[in-house]
Amino acid sequence: MKKALYFFFTILFINLSLAQKKQDFSVNSPDGKIEVKITVNDKISWSISHEKDLILAPSEMSLTLDENQVLGKNPIVLNSKKGSVNSSFETPLYKKKSVKDQYNKLTINFKNDFGIEFRVFDDGAAYRFLIKKKKRLQLNQKK
Numbered sequence: 043m044k045k046a047l048y049f050f051f052t053i054l055f056i057n058l059s060l061a062q063k064k065q066d067f068s069v070n071s072p073d074g075k076i077e078v079k080i081t082v083n084d085k086i087s088w089s090i091s092h093e094k095d096l097i098l099a100p101s102e103m104s105l106t107l108d109e110n111q112v113l114g115k116n117p118i119v120l121n122s123k124k125g126s127v128n129s130s131f132e133t134p135l136y137k138k139k140s141v142k143d144q145y146n147k148l149t150i151n152f153k154n155d156f157g158i159e160f161r162v163f164d165d166g167a168a169y170r171f172l173i174k175k176k177k178r179l180q181l182n183q184k185k
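Heads up, the sequence shown is in the numbering used here, so the first residue is 43 and it goes up one at a time.
This is how it looks when you write it as structure tokens:
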């Protein structure tokens, strides 16, 4: 009986120590109508809502590089940082003389030298992977 109990608690301890703690992040548009939610556990997923409407259901994101390295598989968050941008830029070939560039952003940095930057505008949202490796990389698949 003692051996079975010992075995049970050993397996339970191993499972708990290997389980990735779920982390939730969010960032809103400057006008507050669009919200991007990011969840990190054994994978990274994001969703987009506009006011009370779900625009993008939770969707997994990852990036597969050469040598089958998958950025986004069993990720470990190092840190995160929020920020805002409110600027404009000249557009000589567009119907407007200048374009307003206003958004809120969230950058999440992960172990293995990569991060993801989320930008939320009043009329949309986007993300991009930030890879800090110095060598030349080949993209095999983006999810």
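Don't be surprised by glycine CBs; every beta carbon is placed ideally from N, CA and C.
Check	Outcome
Between P117 and S91, what straight-line distance do the alpha-carbon atoms span, to the nearest angstrom?	24 Å
Considering only the alpha carbon of each residue, which of K79, K64, K63 and N128 lies closest to L96?	K79
Any chance you could list the beta strand (DSSP E) runs of at least 3 consecutive residues sitting entirely within the stretch 122–175, in chain order?	140–152, 156–163 and 166–173
I need the straight-line Cα distance from Q65 to T81, nearest angstrom please.	6 Å
The beta strand (DSSP E) that contains Q111, what's its start and end?	Counting along the chain, Q111 falls outside any beta strand (DSSP E), and DSSP gives it neither H nor E.
Please classify N121 as buried or exposed, where buried requires at least 16 other C-beta atoms within 10 Å of its C-beta.	exposed
Assuming contact is defined by CB atoms lying nearer than 8 Å, are K147 and G125 in contact in what I supplied?	yes
Please state the DSSP three-state secondary structure of I86.	strand
What's the gap between the Cα of R170 and the Cα of D84?	19 Å
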